[in-house]
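Undergrad: Sending over a structure as structure tokens; questions will come in a sec.
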């Protein structure tokens, strides 16, 4: 009878080798920074939504910065974190430019942009819109209003000559001609031939009523006078040319 009291034979080796070691440490900070950077860059060129791009890019820079630091410690993820930081920086620049242009456009459209400083004077000929419209303000004068219902108000009258150098037809109205009163826009009334064909000129009279303020300027632009690109004529001298109201 066999004796089995001896030691057992060694177990055969497993076909898959020994047990796997612990996985290498990851760099979640780098991954987060990269994802935020990509998301911010995608949103940055879209007006209004680009504000969300800024909100993503800022934390993206923070996560990417810590991701770079961790990557140098564990030896992985540094390049990914660097890409995240770079994309976040680009997103911040693009979002800022788009935001500035959007605010400028809305300011011109909704008339809440401040009027530019005067760059022309009465009697001076100037061009707007790269030469599409040539204007000369020949006179401007303010006088007390003759209406009893408008006591204390003044009626300001100005005359200007306009020549259209474009190729189509231009209609001069209160969008393309604005008065500047106390640093704010005001629509004048225009009298004369305000429809100009290519190469045509016209002399137009405008009036605007002021209440306790001074007429500071007249703005002209072939597209929108209440914009950054408008040319403003200094007509503050008109406030000293007060005449007696008509009987």
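In the working numbering, the protein residues as written are 743 to 989. Even glycine gets a Cβ: it sits at the ideal position worked out from N, Cα and C. Being a predicted model, the structure only gives us computed values, none of them experimental.
Per DSSP, which residues does residue 884 bridge with? Please list them.
TA: BP columns for residue 884 point to 898.
Undergrad: Exposed or buried, residue 857, counting other C-beta atoms within 10 Å across all chains shown (16 or more means buried)?
TA: So residue 857 counts as buried.
Undergrad: Using the rule of at least 16 other Cβ atoms within 10 Å of the residue's Cβ for burial, across every protein chain shown, is residue 913 buried or exposed?
TA: Counting Cβ neighbours within 10 Å, residue 913 comes out exposed, since fewer than 16 surround it.
Undergrad: Rounded to whole angstroms, what's the CA-CA distance from residue 920 to residue 793? Just pull it up for me.
TA: Straight-line Cα distance between these residues: approximately 32 Å.
Undergrad: Could you tell me if residue 827 is buried or exposed, where buried requires 16 or more neighbouring beta carbons within 10 angstroms of its beta carbon?
TA: When all chains shown are included, residue 827 counts as buried.
Undergrad: Could you check the C-alpha separation between residue 875 and residue 787 for me, to the nearest Å?
TA: Residue 875 and residue 787: Cα-Cα distance of roughly 33 Å.
Undergrad: So, at 8 Å on beta carbons, what are the nonlocal neighbours of residue 947 in its own chain, with the 5 sequence-adjacent residues on each side left out?
TA: Hits under 8 Å: 899, 900, 901, 932, 933, 934.
Undergrad: Which class does residue 879 belong to by DSSP, given the choice of helix, strand or coil?
TA: Strand at residue 879.
Undergrad: If you compare alpha carbons, which of 916, 930, 869 is closest to residue 905?
TA: When only C-alpha atoms are compared, the closest one is 869.
Undergrad: How should residue 958 be labelled, buried or exposed, when 16 other C-beta atoms within 10 angstroms of its C-beta is the threshold for buried?
TA: Answer is buried; the Cβ neighbour count reaches 16.
Undergrad: Between 954, 861, 771, which lies nearest to residue 820 when the distance is taken from Cα to Cα?
TA: When only C-alpha atoms are compared, the closest one is 771.
Undergrad: Residue 992 and residue 972: beta carbons closer than 8 Å?
TA: Because residue 992 is not part of the residues shown, which for the chain are 743 to 989, the question remains open.
Undergrad: Residue 775 and residue 833: beta carbons closer than 8 Å?
TA: Their beta carbons are not under 8 Å apart, which means residue 775 does not touch residue 833 by this criterion.
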